[in-house]
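A.B. asks:
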Amino acid sequence: MIPPSQEKSELLKLLASTEFVYAKGVVGRFLVVLRWLHHRDPEGFAKVENIKGRGRLYFAKDARTLHAAGRSVNPKQIPGAPYWVITTTPTDLKQEILERVMRELGYSLADIKAATQAIAR
1 MIPPSQEKSE LLKLLASTEF VYAKGVVGRF LVVLRWLHHR DPEGFAKVEN IKGRGRLYFA
61 KDARTLHAAG RSVNPKQIPG APYWVITTTP TDLKQEILER VMRELGYSLA DIKAATQAIA
121 R
């Protein structure tokens with residue numbers, strides 16, 4: 001038996017999974033992590049609608065809302081979730097968005113760092 005302190009977190013298991021490793025680019029990895037976060041806490045994930053940039057929506061329940069709120073947003077639906085996210089942001093902004101989502105959901109700083117670094121690989 002592995003002591004709990006040595007067990008991989010569920011997030012680290014995701015980041016090592018074939019689904020994550022073979023996801024297409026930064027956007028694909030970003031969506032895999034968002035899908036996983038939604039799956040683990042669908043009710044808490046609703047907080048993402050409050051995460052916004054200066055005059056820019058990052059999340060919505062439909063693509064039309066994101067298109068209406070900005071230009072060239074290229075919204076993608078988070079797989080298995082009723083939410084859409086903009087994807088035409090630089091990698092560092094995707095990392096910031098992911099960090100804000102994970103903080104809202106109560107993830108540890110170590111998990112946040114692991115996820116934000118992993119999507120940029």
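Under this note's numbering, the sequence shown has 46 at position 46, and the numbering climbs by one with no breaks. Even glycine gets a Cβ: it sits at the ideal position worked out from N, Cα and C.
Report the option in 118, 18 and 49 whose CA atom is closest to the CA atom of residue 105.
C.D. replies: Sequence index remark: in the sequence shown, residue 105 carries index 105 (1-based). For residue 105, the nearest C-alpha among the options comes from 49.
A.B. asks: Excluding the 5 residues flanking residue 44 on each side, which residues of the same chain have their C-beta closer than 7 Å to its C-beta?
C.D. replies: Residue numbering aside, residue 44 sits at position 44 when the sequence shown is read from its first letter. The residues are 105.
A.B. asks: With a threshold of 16 other CB atoms inside 10 Å of the CB of residue 24, please say whether the residue is buried or exposed.
C.D. replies: Mapped onto the sequence shown, residue 24 falls at position 24. Under this definition residue 24 is an exposed residue.
A.B. asks: Exposed or buried, which one is residue 1 when buried takes at least 16 other CB atoms within 10 Å?
C.D. replies: By one-based count along the sequence shown, residue 1 stands at place 1. Bear in mind that a pLDDT of 37 at residue 1, under 50, signals an unreliable position, so the number given afterwards is only what the model happens to contain. Classification for residue 1: exposed.
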